[in-house]
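Structure first, commentary second.
Residue numbers (the UniProt record's numbering): 1 to 326.
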């Protein structure tokens, strides 16, 4: 099988790649270096396939409502990308929430952006580690801490990765936001990013309770699939941890506009992110979402996801936030 792969790659190397120079330019832009020529050829094949996908999609961007781009992830296919970056674990089938959000019943603003209010830390980068759940967790904790104290503090994802395993989280191998909130309730709290910095690797817990700065007392789940309740919570509570289906090439290569995918699942969720606001753009309702893939992805690290379109990508299926944060 290995010999056949090598022969196929050699044959492809002899062929003229349609975007050869553009691939080289892209490698320079994103500082891509491959260990072997065979590996580079494999990556170039995938890159060219994604290039054609991007060109075809953007030629019809008016129909789709959003654009895609050849970002730093363009040498990965959707399957391997998901295995590396999308680390949300499925909720246990026995899961039964005891704290369900009750909408305020008060009319909320048409537009909310907690970033503009100072409740959102700068975009972070999880690297090649399935730790998205930890970034979603710290995002809602950071927001609640700011709302309650007036101080914005960047919290440690690495502590959650290293120390919450007995609560069901597994570092780079996946986790759940609610598990993080349960863990923090049991200890003095989360340390700052500076004191317990991110490494994008699984590590040994070195938590120091004397350095903890933010904790919680419990957490609340948004009613499953209820976008109206999620909107109410974003407006009245703050940034909310949400889970989505991010398994599509169009999400991996998202660039701008209001994202919608007709094949997006509302139940098969694989990625944890943070809903920090909502609004309407050119007549399309959207959620403003903070991702953890760096600033070169999407709209400088953010994405606008379709709102009021049958819970597209499951954004309201598994949403929650910590309570009693101080």
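Yeah, the Cβ is synthetic: ideal placement off N, Cα and C, and Gly gets one too.
Using beta-carbon positions only, say whether residue i and residue j come within less than 9 Å of one another.
i: residue 246; j: residue 56; result: no
i: residue 234; j: residue 302; result: no
i: residue 128; j: residue 100; result: no
i: residue 172; j: residue 207; result: no
i: residue 119; j: residue 146; result: yes
i: residue 320; j: residue 240; result: yes
i: residue 201; j: residue 155; result: no
i: residue 160; j: residue 175; result: yes
i: residue 137; j: residue 283; result: no
i: residue 77; j: residue 50; result: yes
i: residue 169; j: residue 183; result: yes
i: residue 317; j: residue 310; result: no
i: residue 249; j: residue 23; result: no
i: residue 326; j: residue 199; result: no
i: residue 225; j: residue 158; result: no
i: residue 274; j: residue 134; result: no
Along the chain, where does the alpha helix (DSSP H) containing residue i start, and where does it finish?
i: residue 87; result: Counting along the chain, residue 87 falls outside any alpha helix (DSSP H), and DSSP gives it neither H nor E.
i: residue 236; result: 227-236
i: residue 208; result: Here residue 208 belongs to no alpha helix (DSSP H), and DSSP marks it neither H nor E.
i: residue 183; result: 177-186
i: residue 253; result: Element bounds for residue 253: n/a, residue is neither H nor E.
i: residue 200; result: Here residue 200 belongs to no alpha helix (DSSP H), and DSSP marks it neither H nor E.
i: residue 61; result: 61-64
i: residue 23; result: 20-29
Apart from the five residues on each side of it in sequence, which residues of its chain come closer than 7 Å, Cβ to Cβ, to residue i?
i: residue 112; result: 234, 235, 277, 278
i: residue 307; result: 227, 278, 285, 286, 287
i: residue 104; result: 232, 236
i: residue 223; result: 100, 101, 229
i: residue 270; result: 82, 86, 88, 245, 246, 247
i: residue 281; result: 258, 304
i: residue 121; result: 142, 152, 154
i: residue 210; result: none
i: residue 298; result: 254, 255, 291
For residue i, I'd like the list of residues in its chain whose CB is within less than 8 Å of its CB, leaving aside the five on either flank, ordered along the chain.
i: residue 123; result: 290, 291, 292, 294, 295, 300, 301, 302
i: residue 218; result: 99, 181, 185, 322, 323, 324
i: residue 1; result: Annotation note: pLDDT 46 at residue 1 (below 50); position unreliable, no value reported.
Under three-state DSSP, which class holds residue i?
i: residue 47; result: helix
i: residue 323; result: strand
i: residue 214; result: strand
i: residue 70; result: coil
i: residue 297; result: coil
i: residue 133; result: helix
i: residue 316; result: coil
i: residue 306; result: strand
i: residue 195; result: coil
i: residue 286; result: strand
i: residue 222; result: coil
i: residue 153; result: coil
i: residue 173; result: helix
i: residue 54; result: helix
i: residue 260; result: coil
i: residue 311; result: coil
i: residue 125; result: strand
i: residue 110; result: coil
i: residue 162; result: helix
i: residue 17; result: coil
Just checking my contact of residue i with residue j at CB under 8 Å: how many whole Å lie between their CB atoms?
i: residue 46; j: residue 75; result: 6 Å
i: residue 257; j: residue 67; result: 6 Å
i: residue 40; j: residue 17; result: 11 Å between Cβ atoms; not a contact.
i: residue 252; j: residue 64; result: Wrong, their Cβ atoms sit about 15 Å apart, outside the cutoff.
i: residue 352; j: residue 190; result: There is no way to answer for residue 352, as the model of the chain reaches only from 1 to 326.
i: residue 43; j: residue 34; result: 6 Å
Between which two residues does the beta strand (DSSP E) holding residue i run?
i: residue 279; result: 271-281
i: residue 243; result: 240-244
Leaving out the 5 sequence neighbours to the left and right, which residues in its chain are closer than 6 Å to residue i when beta-carbon positions are compared?
i: residue 205; result: 162, 163
i: residue 125; result: 294
i: residue 61; result: 67
Would you say residue i touches the ligand SAM, meaning its beta carbon is less than 8 Å from a heavy atom?
i: residue 111; result: Summarising the ligand content, the structure contains no ligands, and the ligand SAM is consequently not present.
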